[in-house]
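To keep things clear, I will list the structure first and then write my remarks on it.
Residue numbers (my numbering): 610 to 858.
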């Protein structure tokens, strides 16, 4: 299937030995310029009925998702009010490679702590939980940061180990290599300075410490992901139990 950074979260193993159901929770990059075969595969092979788009309004205006018949599309602007953004334009304008890691750590701080991001992930969890008719696919631009934390969050609530969560998170670096190379080549041809290209090359990939920073913030401020979900995302034990019953087998 020709969809960058696409994968099914199914098959990962929870603490009790159950597995995440396949073809229920899917992640990817933006759904732009899809061929008809890919659209058909999403709708029929994966039974996608809901797409959640975490991008900013201007990202969607510039590159709207391709519509798929019978699929509902919902936009949740995760970083709407955050101090640090994760769009391609933000990565390009960072300018210096030594600033990239701190910028990325700041993004992962905002994904956990920013009130608008918390409201967005609350809506995300509720939408996934309430989709009874098929699979939910969620994405942002690259499918790596806003999407990466969203995947980590829902997997943690399903009692999947941090080791497996991190392995899934880091798959982005392999799955996005071709797309990232194309982006860097494009900006090189546009005359971008070497330091900007170097910064962009770093920002287009994920690192273990980025997601670890989010986990560290959750543990230091809220004890664990379950208390975080209950106190900040209005996703308490009853919803967690329902989530696990619905998506584990």
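Every residue gets a Cβ at the ideal spot worked out from N, C-alpha and C, and that includes glycine.
Remember, it's a predicted structure, so these values are computed and weren't measured experimentally.
According to DSSP, is residue i helix, strand or coil?
{"i": "residue 684", "result": "strand"}
{"i": "residue 765", "result": "helix"}
{"i": "residue 657", "result": "strand"}
{"i": "residue 860", "result": "Since the first and last residues shown for the chain are 610 and 858, residue 860 lies out of range."}
{"i": "residue 803", "result": "helix"}
{"i": "residue 755", "result": "helix"}
{"i": "residue 812", "result": "helix"}
{"i": "residue 649", "result": "helix"}
{"i": "residue 720", "result": "helix"}
{"i": "residue 674", "result": "coil"}
{"i": "residue 710", "result": "helix"}
{"i": "residue 642", "result": "coil"}
{"i": "residue 702", "result": "helix"}
{"i": "residue 691", "result": "coil"}
What residues are listed by DSSP as bridge partners for residue i?
{"i": "residue 748", "result": "637, 662"}
{"i": "residue 616", "result": "636"}
{"i": "residue 628", "result": "622"}
Suppose contacts are defined by Cβ-Cβ distances below 8 Å. Is residue i in contact with residue j by that definition?
{"i": "residue 840", "j": "residue 831", "result": "yes"}
{"i": "residue 726", "j": "residue 719", "result": "yes"}
{"i": "residue 754", "j": "residue 793", "result": "no"}
{"i": "residue 657", "j": "residue 746", "result": "yes"}
{"i": "residue 659", "j": "residue 683", "result": "yes"}
{"i": "residue 762", "j": "residue 834", "result": "yes"}
{"i": "residue 768", "j": "residue 853", "result": "yes"}
{"i": "residue 805", "j": "residue 661", "result": "no"}
{"i": "residue 723", "j": "residue 690", "result": "yes"}
{"i": "residue 621", "j": "residue 773", "result": "yes"}
{"i": "residue 749", "j": "residue 616", "result": "no"}
{"i": "residue 614", "j": "residue 784", "result": "yes"}
{"i": "residue 623", "j": "residue 857", "result": "yes"}
{"i": "residue 671", "j": "residue 842", "result": "no"}
How far does the alpha helix (DSSP H) with residue i in it extend, from its first residue to its last?
{"i": "residue 856", "result": "846-856"}
{"i": "residue 790", "result": "786-798"}
{"i": "residue 825", "result": "817-831"}
{"i": "residue 724", "result": "724-739"}
{"i": "residue 839", "result": "834-841"}
Closest to residue i by CA distance: which of the options is it?
{"i": "residue 845", "options": "761, 639, 822, 735", "result": "735"}
{"i": "residue 629", "options": "730, 650, 744, 726", "result": "744"}
{"i": "residue 760", "options": "624, 633, 626", "result": "633"}
{"i": "residue 751", "options": "730, 848, 689, 674", "result": "674"}
{"i": "residue 687", "options": "780, 741, 758, 802", "result": "758"}
{"i": "residue 825", "options": "619, 665, 714, 635", "result": "714"}
{"i": "residue 781", "options": "766, 804, 813", "result": "813"}
{"i": "residue 647", "options": "637, 701, 612, 667", "result": "612"}
{"i": "residue 678", "options": "822, 653, 685", "result": "653"}
{"i": "residue 631", "options": "623, 639, 624, 618", "result": "618"}
{"i": "residue 626", "options": "827, 779, 770", "result": "770"}
{"i": "residue 855", "options": "787, 742, 776", "result": "742"}
{"i": "residue 680", "options": "671, 664, 649", "result": "649"}
{"i": "residue 710", "options": "849, 819, 858, 848", "result": "819"}
{"i": "residue 810", "options": "796, 823, 822", "result": "796"}
{"i": "residue 849", "options": "731, 670, 766, 712", "result": "766"}
{"i": "residue 721", "options": "670, 764, 783, 828", "result": "828"}
{"i": "residue 777", "options": "764, 843, 669, 842", "result": "764"}
{"i": "residue 733", "options": "712, 808, 623, 685", "result": "685"}
{"i": "residue 708", "options": "807, 842, 836, 837", "result": "807"}
{"i": "residue 644", "options": "610, 838, 638", "result": "610"}
{"i": "residue 712", "options": "815, 655, 779, 775", "result": "815"}
Examine chain C for any beta-carbon lying closer than 8 Å to the beta-carbon of residue i, and answer yes or no.
{"i": "residue 841", "result": "In the structure shown, chain C cannot be found, because there is only a single protein chain."}
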